[in-house]
RNA sequence: GGGCUCGUAGCUCAGUUGGUUAGAGCGCACGGUUCACAUCCGUGAGGUCAUAGGUUCGAAUCCUGUCGAGCCCACCA
């Protein structure tokens, strides 16, 4: 291996090689980790869609998860990060349908078996793309335990779960109103329906009273459903219509006679206050219909076309029927008026087609029963949600949960393990014995299977060693947008089947937005594709750009310049390392000599603690910022600069070694690469399995360390002086200093050298003070112009005034803690002193 | 209708339990390249912390109202 580092860090060449080394080492598998490792730390990776492509949302999740995993691995824990992919029922099926549509086919023409063959071929083709991309992000997950939600063992787990719940009476089948996507030809759960604000019309239609010339006016957004009306309803309090209650309406077009009923769910103030009731095609109407035992007439079929019940409109589309009905009503002078109206249109979350509420035979889970312990688990603090405010959202959803429709009329998925023969129904994994059994054709909601993710990936329903060791998992990490879809379902499922929580902490990251603060959209081209970015700027830079400046649960923006900025940081680390590794070898012991030595070791020590505690408290941004600040603005800007005149090579090596460890969870590639060039790439030496560095307290003399801060301040002041007075950087300056701490500088040859080098100083002279720092006054032998002096006097005077008024406030003196009061007094004394010097 | 988040420098954002004269990155201005890095170094300008009240010795931070931006949930046809 070439130890000499190139001038700049070239991620493209390095990263895939590094990942291969990690993977081949076997250390992603906790069984192979060295050492005793008593504690465990485990996480299940949220499985991405097997045929999908990695986007920044995934990248965010993978980064945070991998930081936690690498950190805990270095903390000496038996650490498992279990990866996998999801079959993603609807999404994948849509993709395959699009594919076969190109050859003029649809799935029904193809048939179930042939379609599934195509889908599996598609999965095979793209299934490795996403796992390759997960590797590209640096995820240190155990591929030997990888799962796919439709692989054999996982399918067996899904079937077992279904059968058990069915036998326990938690799953039932029934005719109920469901959300129906006409494009997917499938039922959807409430969560898979998105409401989109749409401009539409509100039509006011005259409904004639039976046996009268009078009529009631109903307002509707869906005139075509009037063919399925089985009542007209008003609020019982509504005086306008009281006298009509109990009478009947002669429904236009169909001339059916329907009752006028009352229901308190009717809003008197909306529209005309009279509502047409269509139990078959509206959620609320369905409930009202059920309570009033109204008949149900299905006029829209699963194909989105009118049924035979729609009479003359049979076979027509909803849109066409609406159009014709409105025309007819107008012709018959039954259309009173039409208003513009904005309402929420229900659409399929996956394909965007309008969703029709209609009645259909589906499988449901009694969710309320499952929700109870899931609520308790969070309430009791067994499960902690970060950020905590999402607990409220979780409770609201759980408390109002409705039965979960789990059957889908899709082919790509787990076929429901229920068998029929005549009137007989059997739930079982295998076909019951005997002739003539036919399996339910439907498949299960994808989220039913992913709800089992934390424990089925560890071997459930078998009682495995893994399950005992790694469940409950330590943390689940995901975007807040799938709190209900996944986190809530996993909690319910785990508590039901495992009788234990699936994870102790839920960390929810924010969603990634584009530079304008909008959701990234592939079709609009506003998204940033992480994969080309990793190639251009390096994965480590991407990882930092997803962590720094972000907070749990808060959406954040990502754009290329940001990534480029972190690339610069990575390059800085590369070059600091290049500098240190190019120094002559030194076998010297770690001895702290100068105040700079004490200072930098002290700062490093604080960094160790800071990063560890921030990771443990899920404050990844703070941890990452501390790493960034230390390396660039403390180590590189000060210590490495100084080492050019006064070198302590063992310390340089020590800092670099420790820094590589501390920053490794965040920027694994560059750190491992530098490490392996330095220490050799032997498997035992890999950075990823090093121990988290220990405390340096014993080494540090705190006072000496603090002295260096004085040097920093002095250097900065002199540089400032130089810039203000336009003194060329190379022009030598004479500075003289005295005061309480002047000894610090003059007695220490390192410090004198440091100052001379950093500030290009020479000579000493005694004169009145030009500037002062706490305990130190200095004179720069250069004529200060009046303008800048005046400016400084004004600033100091203002500050003094502020302090004086604070300290003359009796209440402040009486009530503020003594420490605060005395520190304010010190400040005032200092400033007065400073002012005096300035006025001399 | 219910709920949540955000509003801090030109831009993107930090700011932990209230306590130095409110910070960073980018951008901008000025200056700097033999000797790790121009993906660099130094210095600087720039903010009445959306707004009005309140609590407090003390508020960007806690409370209330208002304005503005965004999001989630929900069966107003």
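Residue numbers (my numbering): 292 to 1131. Here a beta-carbon is modelled for each residue, glycine too, at the ideal position from N, C-alpha and C.
Below 8 Å, too few C-beta pairs join the segment 928-944 and the segment 382-397 to call them touching: fewer than three. Spatial neighbours of residue 863 in its own chain (CB-CB distance under 8 Å, excluding positions within 5 residues in sequence) are listed in chain order as 922, 923 and 927. With contact defined as three or more Cβ pairs closer than 8 Å, the segment 676-692 and the segment 465-478 are not in contact.
Between the segment 772-786 and the segment 369-380 there are fewer than three C-beta pairs closer than 8 Å, too few to call the two in contact. Secondary structure of residue 470 (DSSP, three-state): strand.
Within the DSSP secondary-structure output, residue 629 pairs in a beta bridge with 494. Residue 746 and residue 793 have their C-alpha atoms spaced approximately 7 Å apart. Proximity of the segment 699-707 to the segment 663-670 falls short of the contact definition, fewer than three beta-carbon pairs being nearer than 8 Å. Taken in chain order, the complete beta strand (DSSP E) segments of 3 or more residues contained in the segment 818-872 number zero; there are none. For residue 1112, the enclosing alpha helix (DSSP H) starts and ends at 1109-1130. If you draw a straight line from the Cα of residue 510 to the Cα of residue 492, it is about 10 Å long. Rounded to whole angstroms, the separation of the alpha carbons of residue 779 and residue 602 is 45 Å.
According to the DSSP assignment, residue 770 belongs to the beta strand (DSSP E) that extends over 764-770.
Its Cα nearest to that of residue 517, the residue 543 stands out among 543, 529 and 501.
At a Cβ-Cβ threshold of 8 Å, residue 556 and residue 585 do not count as neighbours. Residue pairing for residue 334: DSSP places it in a beta bridge opposite 372 and 766. In this structure the segment 315-323 does not touch the segment 340-356; the number of beta carbon pairs closer than 8 Å is below three. Here residue 808 carries a coil assignment [DSSP, helix/strand/coil].
For residue 998 against residue 1035, the beta-carbon gap comes to about 5 Å, under 8 Å, which counts as contact.
Collapsing the DSSP output to three states places residue 299 in coil. Spatial neighbours of residue 328 in its own chain (CB-CB distance under 7 Å, excluding positions within 5 residues in sequence) are listed in chain order as 367, 368 and 369.
One thing to note: residue 521 has its Cβ within 8 Å of the Cβ of residue 570. At a Cβ-Cβ threshold of 8 Å, residue 841 and residue 912 count as neighbours. In the displayed model, residue 457 falls within a helix according to three-state DSSP. Contact annotation: residue 410 and residue 357 have beta-carbon atoms that are not nearer than 8 Å. Between the segment 750-766 and the segment 637-647 there are fewer than three C-beta pairs closer than 8 Å, too few to call the two in contact.
Take residue 437, set aside five residues on each side of it, and the residues of its chain with a beta-carbon closer than 6 Å to its own are 374 and 375, in chain order.
In this structure residue 757 is not in contact with residue 895, their Cβ atoms being roughly 38 Å apart against a cut-off of 8 Å.
The alpha-carbon separation between residue 970 and residue 939 amounts to approximately 20 Å. By the Cβ neighbour-count rule, residue 764 is buried, with 16 or more other Cβ atoms within 10 Å of its own.
Straight-line measurement puts the Cα of residue 732 at about 29 Å from the Cα of residue 486. Taken through DSSP and simplified to helix, strand or coil, residue 377 comes out as strand. Boundaries of the beta strand (DSSP E) around residue 653: 646-656.
In the three-state DSSP reduction, residue 536 falls in the coil class, being neither helix nor strand.
Counting along the chain, residue 609 sits inside the alpha helix (DSSP H) bounded by residues 609-622.
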